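With numbering that gives the first Met the number 0 as the guide, the letters of the sequence shown map in order to residues 0 to 257.
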Amino acid sequence: MAWTGKLIGGGLGWAIFGPLGALLGGVIGNAFDQQAASQTQERSYDYRRRDARQDPRFAGPQPGAFAVALMALCAHVIKADGQARGEEVREVRSFVQRLFPNDAADLMQLLKGLLEQDIDLPRVCAQIQAHLGYYERLELLQLLVAIARADGQVQPAELRVLMEVGQRLGLHAGDLRVIFASLANPAPARPAGPDPYTVLGLSRDATDDDLKKAYRALAKKFHPDRVTHLGEEVRAHSEQKFKELQAAWDAIKRERGL
């Protein structure tokens, strides 16, 4: 397999080691082995102990490694119900073509190979957690949720796996509630979208001060500038969640006269 896009070919970084590296090797074979051998790092790299912040060779989350992590987790979610349906793969292709237009062909070939392998979710998530910062992991889960709901529905098995992924990525329970709010059924009086209190991760009996604090904290945490380094397309997707939080806060302010 030859890399056709600059994103993947030039930015695998830490993803060519550990459990993700094993998955890549199983899919790409000799082409992967040659690329890994060209790196100065040893293949015995221990992702569990390495601190990327203390090793300049792995400084910063490379966009290519982020995309590979997304595909590995995506393959696991797709197989959540025991099979990979054609319509699910088509939805992923459409999503990937929008998000990574220059590397969509590479990523879909990679996904096809990953769907034929067993994903060791605990070890893969441990490696991702070791090398991606908190905001990158938030965005990673948001992308997985967006892919899962692209066909208009999220199966119970998919939802359970998505929740497990979020937990294994070390995301806070409150942030998980906010991310999964987009999957909640709309409130009867608000057919256009989820309840704004649910979007902020709070109940309707929350105080004004609690709501203000929650919105400010979430606005900082989910601000699209946090993931600009992962590419403009990823930033644009993150902006959707940011706008959802803003819309929820605006609705609450109008309702409460704040």
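Even for Gly, the Cβ is constructed at its ideal location relative to N, Cα and C.
On a predicted model such as this, the values are computed, not experimentally measured, just so you know.
Quick one: residues in its chain with C-beta nearer than 7 angstroms to the C-beta of residue i, no 5 flanking neighbours on either side, listed in chain order?
i: Val160; result: His75, Val76, Ala79
i: Gln126; result: Gly17, Pro18, Leu19, Tyr46
If you measure from the beta carbon of residue i to each beta carbon in chain D, is any gap under 8 angstroms?
i: Phe179; result: Reference to chain D is not applicable here, since this structure consists of a single protein chain.
Identify the continuous alpha helix (DSSP H) that holds residue i and give its terminal residues.
i: Arg122; result: 120-130
i: Ala213; result: 207-220
i: Phe179; result: 172-179
i: Thr197; result: 195-198
i: Ile77; result: 62-77
i: Gln166; result: 155-167
So, with DSSP's three-state summary, where would you put residue i?
i: Phe99; result: coil
i: Ala149; result: coil
i: Gly20; result: helix
i: Ser202; result: coil
i: Gly256; result: coil
i: Phe249; result: First, the residue type needs correcting, since residue 249 is Asp and not Phe in the sequence shown. DSSP places Asp249 in helix when its eight states are reduced to three.
i: Gln116; result: coil
i: Leu11; result: coil
Quick check: what's the CA-CA separation for residue i versus residue j?
i: Leu110; j: Arg122; result: 18 angstroms
i: Ala213; j: Gly17; result: 37 angstroms
i: Met70; j: Leu106; result: 7 angstroms
i: Pro187; j: Arg203; result: With a pLDDT of 39 at Pro187, under the threshold of 50, the modelled position of that residue is not reliable, and the figure given next carries that caveat. Roughly 15 angstroms separates the two Cα atoms.
i: Trp248; j: Asp207; result: 11 angstroms
i: Glu90; j: Arg148; result: 9 angstroms
Quick test of your reading: residue i and residue j, contact by CB under 8 angstroms. State the CB separation rounded to the nearest angstrom.
i: Asp209; j: Leu201; result: 6 angstroms
i: Leu11; j: Ala64; result: 6 angstroms
i: Gln128; j: Gly169; result: 5 angstroms
i: Ala68; j: Ala14; result: 7 angstroms
Once you ignore the five residues that flank residue i on each side, which residues in its own chain have a CB closer than 8 angstroms to its CB?
i: Val226; result: Tyr134, Glu135, Glu138, Val233, Arg234, Ser237
i: Glu163; result: Leu120
Near residue i, which residues of its chain fall below 6 angstroms by C-beta distance, leaving aside the five closest residues on each side in sequence?
i: Val103; result: One point to set straight first is that residue 103 is Ala, not Val, in the sequence displayed. For Ala103, where only same-chain residues beyond five positions count, the Cβ hits under 6 angstroms are Val95, Gln96.
i: Ala250; result: Pro195
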